[in-house]
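Heads up, the sequence shown is in my numbering, so the first residue is 86 and it goes up one at a time. For glycine and all other residues, C-beta sits at the position ideal for the given N, C-alpha and C. Heads up, the thing below is written out as structure tokens.
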Amino acid sequence: MPSLEDFKPFIFTGLALGGVYSLSGVGMVVLYRATGVLNLAFGAIGAMGAFIAWSLINDHGWPQGIAYVVCVLFGGVVTLAYGMVFGPPLASREPLVKAVATLGLALILLGAMSWIWSDKARSMVLPSTLHGFSISNVLVNYTQIIGLGLGIIVTIGVAVFLRFTKLGTAMRALADDREITATLGVPVRRVEAAAWFGTGLLSGAAGLLFSNLVGLDSATLTFLVISSVAAALIARLNSLPGTLAAGLFIGLVSALATPILSISQYRDMAPFVIATIALLYLSRSGNLATAKGAR
């Protein structure tokens, strides 16, 4: 059994990953509440943006800062384009159909990345990774701090935006009733476009951070969306603070399982297990509350 000292580095790694899971999960929750679409292409869009940034830096000599901006903007533009083309015909379809449609986009992007960049191992080293400080004899780099901090800041910022801005209020109204919101004169298409574009920017940022924290691999980055989906589902696709807490918890559990050899090979199952347990518990609690209220 590893000692406490062996777990220390993985605590910081888990918090950093959890922060980016939360960042992604918040983006998915906002888009779902505004459009009813659970975007399963979130990870693939971010992954392709990271590959483009890597190519601009290493193959074309672009400045790193500009390449990173291109990565984030790529996420916003591709997500917006998908939403504007496929959003209207999917608006009246069932949630499962909407999710499967985005899964199709994820598979197309995954195939494109494999074709363009092959499966050759690559690495994306952000400048922030080269600097850090020591906490309890563990070296923590600034990319890890950014991953955790950005997850927290985005969660708070989005919550404030939805509550206190006119556009945020319109997004919340769409989540409650799309048809009534439209009859009140709210420009539904514009509000949805803002949701698609904003969450796309978050996918680009998440892809950039994941490419450094996990590695620049198309399949790995594409399917990291599973952990973000799990965080969003635990929060019932509704609570932003719940999504943040769930993302951090999933990141920690997955990372802390790494040094335990007997279960490390199963750590990728952590999001499924945690989400299943949480949803069963929440469902049971809801049923108990309903039963008590009926008495």
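Determine the burial state of residue i: buried for a count of at least 16 other Cβ atoms within 10 Å of its Cβ, exposed for fewer.
i    : result
E179 : exposed
T328 : buried
K251 : exposed
V245 : exposed
A379 : Residue placement at A379 is flagged as unreliable, the pLDDT there being 45, under the threshold of 50; the coordinate-derived value follows with that caveat. Exposed, by the Cβ-count rule.
D144 : exposed
G121 : buried
A376 : The predicted position of A376 is uncertain, since its pLDDT is 44 and thus under 50; a value taken from the coordinates is nonetheless stated next. Looking at its Cβ environment, which holds fewer than 16 other Cβ atoms inside 10 Å, A376 is exposed.
S347 : exposed
L215 : exposed
A360 : buried
I238 : exposed
V115 : buried
Y366 : exposed
G196 : exposed
G99  : buried
N222 : exposed
L373 : In this prediction, L373 has a pLDDT of 40, which is less than 50 and means its spatial position is unreliable; what the coordinates show is noted afterwards. Its Cβ having fewer than 16 others within 10 Å, L373 is exposed.
L233 : buried
Y351 : exposed
T46  : The question about residue 46 has no answer, for the chain in this structure spans 86 to 380.
A191 : buried
I231 : buried
S64  : In the structure displayed, the chain extends from 86 to 380; residue 64 sits before or after that span and is not available.
M354 : exposed
For the candidate residues the options, whose alpha-carbon lies nearest to that of residue i?
i    : options                   : result
L235 : V105, T98 and P94         : V105
L298 : L116, T228 and K93        : T228
A320 : T307, I335, T214 and A342 : I335
Y167 : R352, S296, I359 and W281 : W281
L364 : V223, A316, E264 and L337 : A316
L303 : V162, G292 and S312       : It is Ser, not Leu, that sits at residue 303 in the sequence shown. Closest option to S303, Cα to Cα, is G292.
S219 : M354, A342, A129 and F97  : F97
I130 : L333, G285 and M354       : G285
L108 : L309, A184 and P173       : L309
V157 : A135, G332 and P356       : A135
W202 : V111, I137 and E277       : I137
I193 : G128, S288, P174 and P148 : G128
V170 : L123, A278 and V115       : A278
Q90  : V358, A355 and P344       : One detail in the question is off: residue 90 reads as Glu in this sequence, not Gln. Among V358, A355 and P344, the Cα nearest to that of E90 belongs to P344.
G160 : K93, A290, A342 and G99   : A290
M247 : I231, L325, L165 and V162 : Note on identity: in this sequence residue 247 is Leu, with Met being the wrong assignment. Minimum Cα distance to L247 is reached at L325.
N323 : R257, S199 and L102       : R257
G150 : P212, A197 and R274       : P212
L102 : F295, I142, K183 and T305 : F295
N124 : A176, L141, A186 and G146 : A186
A330 : I241, V276 and T266       : I241
L224 : V358, I362 and F95        : F95
V271 : A119, V111, K93 and F92   : A119
Can you tell me where the beta strand (DSSP E) holding residue i begins and where it ends?
i    : result
G189 : No beta strand (DSSP E) holds G189; the alpha helix (DSSP H) holding it covers P180 to W202.
L301 : Segment: none, L301 is in no beta strand (DSSP E) and carries neither H nor E.
L224 : V223 to N226
With residue i as the anchor, note down where its alpha helix (DSSP H) starts and where it stops.
i    : result
I220 : I220 -> not in any alpha helix (DSSP H); beta strand (DSSP E) instead, spanning G217 to I220.
V162 : Q149 to L175
P344 : Here P344 belongs to no alpha helix (DSSP H), and DSSP marks it neither H nor E.
V314 : V310 to I319
D270 : It should be noted that the sequence gives Gly, not Asp, for residue 270. It is not in any alpha helix (DSSP H) - G270 carries neither H nor E in the DSSP assignment.
A129 : F127 to N143
Counting contacts by CB-CB distance shorter than 9 Å, is residue i in contact with chain B?
i    : result
A152 : As a matter of chain content, chain B is missing from the structure shown, which is built from one protein chain.
Throw me the rounded Cβ distance for the residue i and residue j pair, which I believe falls under 8 Å.
i    : j    : result
M133 : V314 : About 19 Å; that fails the 8 Å criterion.
L341 : W139 : About 30 Å separates the two Cβ atoms, so there is no contact after all.
P356 : S312 : 4 Å
L188 : V182 : Actually they do not touch by this definition, with Cβ atoms about 11 Å apart.
L259 : V273 : 7 Å
Which partner residues of residue i appear in the DSSP bridge assignment?
i    : result
R207 : L301
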